[in-house]
Amino acid sequence: MKTIAIASGKGGTGKTSLAISLLQANMDRSRLLDCDVEEPNCHLFLHTHSVSKLIVNKLIPKINEDLCRLCGKCVKACQFNALALAGKSGILVFEELCHSCGGCARICPAGAITEVPVRIGEVVQSQMDEGMELTTGTLVVGHSTAPTVIKAVKNSAAIRPVLFTLIDAPPGTSCSFVAAVEKTDFVILVTEATPFGLNDLKLAIEALEILKLPFAVVINRSQNEENLVKEFCDQRGFRILMQIPESRRVAEFYAQGKSLLEAMPEYKEPLRRLLERCVA
Amino acid sequence: MHKTKTLKIAFSSQGKDLESLLETRFGRCSGFIVADLQSMEFQWIENSQNQNAAQGAGIQSAQNVIDSGAHVLISGHCGPKAFRVLSAAGIPIYLSEAKPLFQLIELFKEDQLQELKSPDVEGHWA
């Protein structure tokens with residue numbers, strides 16, 4: 075089994091469109107993990123029914139006010155600004171900012187801090203009538219620790235054996251992007267042939283080079299085979315797996331909740347070969 | 002607000018003296034001027050460490066205000082997390098536009114400033 079992440083620096087370049095179409099074109103041999111946990115949306119394009127749900131917790135500090143001496147050492151130790159010492163009101167905990175490092179509990183000289191679980195998200199496994207499988211992670215609004223939920227999604231076991239696990243990654247190049255792509259076998263970077271698309275593609279490539287992950291590029295909504303992203307990739311020797319032309323038909327289908335593949339069924343074979351080329 | 006003799010006011014400030022303008026951002030201001038209403042002595046409290054904080058700038062800025070010993074805060078805005086910290090510490094918040102601090106001291110003495118009873122801006126990540 076190979077894990078392939080579909081990522082991009084810039085948002086809105088077509089990660090989800092491509093991920094869903096890859097799943098549909100490879101329905102006999104792949105499953106999809108929606109790791110864009112701050113705004114999961116793959117389920118909008120797939121007719122699924124839930125088969126299981128897992129709650130994701132993280133540990134946060136709980137202050138025993140009888141033991142707390144108001145020394146403030148925990149506040150200084152917290153690297154995430156999740157604690158404050160508000161005079162006689164004592165220690166305030168901002169659980170949505172806590173990264174569960176446990177430093178506050180360790181440093182407390184009075185032993186006043188214990189760590190307790192709090193719900194930050196859920197992982198829902200669902201299936202389509204065809205047996206295809208979608209696993210969706212959702213972060214509770216206001217919480218900042220997307221990577222914890224992303225890891226839980228990636229740890230979920232497949233219901234049926236598949237050749238390819240596809241990951242719809244969050245945009246950007248921050249912690250949640252890293253959590254989604256790390257330990258995958260290959261990353262497909264979806265971009266568009268615009269200056270913004272190219273700029274953010276470069277950032278994503280820099281991150282993947284540090285992570286030592288193999289990758290290749292898909293140019294979406296391409297208006298011309300020769301474009302600034304292709305020029306950049308040719309120059310730097312990065313592989314372009316596919317160029318998907320700009321198409322009003324695809325946009326109209328998308329607006330109705332239908333995928334790229336549904337708009338252009340002729341992409342089925344190229345999308346099957348695309349996955350094989352990623353791991354060849 | 003009762004005006005006791007030792008009342009100290011913290012201002013989010015654009016500069017390091019009482020001629021400076023109020024900085025209307027709270028969590029990401031570069032520093033606070035803490036002024037004693039009685040003696041008119043003041044000091045600068047650095048807050049630049051929170052300007053680049055990934056998160057929780059308002060909370061730690063509120064912590065700096067508490068640690069400065071101020072009894073009152075005057076700033077331009079206050080979000081929900083900082084509001085929670087300052088309220089718990091019993092520090093009232095008054096709002097103003099970017100005016101010189103010496104003017105604001107007078108306005109405060111004349112009860113011309115509006116006390117903030119709930120956060121006036123949403124929480125945010127930047």
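If you read the protein sequences in the order shown, they are chains A and B. At position 236 of the first sequence (counting the first as 1) the number is 310 in the numbering used here, and the numbers step up by one without a gap. At position 8 of the second sequence (counting the first as 1) the number is 9 in the numbering used here, and the numbers step up by one without a gap. The C-beta atom is built at its ideal place from N, Cα and C for all residues, glycine as well.
Check                                                                                                                      : Outcome
For Gln50 (chain B) and Lys4 (chain B), the rounded distance between their alpha carbons                                   : Its pLDDT being 49, under 50, Lys4 (chain B) is placed unreliably in this model, and the value from its coordinates should be taken loosely. Those two C-alpha atoms are separated by around 32 Å.
Residues within the region 25-50 of chain B neighbouring chain A, beta-carbon criterion of under 8 Å                       : none
Val62 (chain A): first and last residue of the uninterrupted beta strand (DSSP E) it sits in                               : Missing from the structure shown is residue 62 (chain A); chain A here goes from 75 to 354 and no further.
Near-chain A residues of the region 80-101 of chain B - C-beta to any C-beta below 7 Å                                     : Lys82, Arg85, Val86, Ala89, Ala90 and Gly91
Runs of beta strand (DSSP E) lying entirely within the region 113-161 of chain A, each at least 3 residues, in chain order : 122-137 and 157-159
Below-9 Å beta-carbon distance, Ala71 (chain B) vs any chain A residue                                                     : no
DSSP beta-bridge partners of Asp203 (chain A)                                                                              : For Asp203 (chain A), which the question treats as bridged, DSSP gives no partner whatsoever.
Partner residues on chain A for Gly57 (chain B), Cβ-Cβ distance less than 8 Å                                              : Phe154, Asn155, Ala156, Phe168 and Leu171
Min CB distance Ile10 (chain B) to chain A below 9 Å                                                                       : no
Gln297 (chain A) classed as buried or exposed, judged by whether at least 16 other C-beta atoms fall within 10 angstroms   : exposed
For Gly164 (chain A), the first and last residue of its enclosing alpha helix (DSSP H)                                     : Note, Gly164 (chain A): premise wrong, no alpha helix (DSSP H); not H, not E.
Option in A:His117, A:Gly311, A:Asp242 and A:Leu159 with minimal Cα separation from Ile1 (chain B)                         : What the structure shows of chain B is the stretch from 2 to 127, and residue 1 (chain B) is not part of that stretch, so it cannot be assessed.
Test item: CB-CB of Glu207 (chain A) and Gln199 (chain A) under 9 Å                                                        : yes
Neighbouring residues, chain B, relative to Glu252 (chain A) (Cβ below 7 Å)                                                : According to the sequence provided, residue 252 (chain A) is Val. The question's Glu does not apply to it. Residues of chain B passing the Cβ test: none, with the nearest at roughly 15 Å.
Cutoff 9 Å: Ala220 (chain A) Cβ touching any chain B Cβ                                                                    : no
Sub-9 Å separation of Gly28 (chain B) and Ser14 (chain B) beta-carbons                                                     : no
Cutoff 9 Å: Gln52 (chain B) Cβ touching any chain A Cβ                                                                     : no
Pro135 (chain A) versus A:Phe154, A:Val111, A:Glu169 and A:Glu112, residue with shortest Cα-Cα distance                    : A:Glu169
Alpha carbon of Phe306 (chain A) to alpha carbon of Phe312 (chain A), nearest angstrom                                     : 8 Å
Cβ neighbour criterion (16 or more within 10 Å) applied to Ser167 (chain A)                                                : A quick correction: the sequence has Val, not Ser, at residue 167 (chain A). When all chains shown are included, Val167 (chain A) counts as buried.
Partner residues on chain B for Val149 (chain A), Cβ-Cβ distance less than 9 Å                                             : Gln61 and Gln64
DSSP-derived helix/strand/coil call for Gln309 (chain A)                                                                   : helix
Min CB distance Glu67 (chain B) to chain A below 9 Å                                                                       : As written in the sequence, residue 67 (chain B) is Ile, which differs from the Glu given in the question. Yes, Ile67 (chain B) counts as interfacial toward chain A.
Own chain, CB closer than 6 Å to Leu277 (chain A), minus 5 neighbours either side, in chain order                          : Gly83 and Thr247
Option nearest Glu20 (chain B) by Cα separation, candidates B:Val122, B:Ala99, B:Glu123 and B:Leu114                       : B:Ala99
Cross-strand partners of Gly32 (chain B) (DSSP beta bridge)                                                                : B:Ser14 and B:Glu47
Residue interval of the alpha helix (DSSP H) (run including Gln98 (chain A))                                               : Lys89 to Ala99
Environment of Gln64 (chain B) [buried if 16+ CB atoms lie within 10 Å]                                                    : buried
Whole-angstrom distance between Leu213 (chain A) and Ser250 (chain A), CA atom to CA atom                                  : 11 Å
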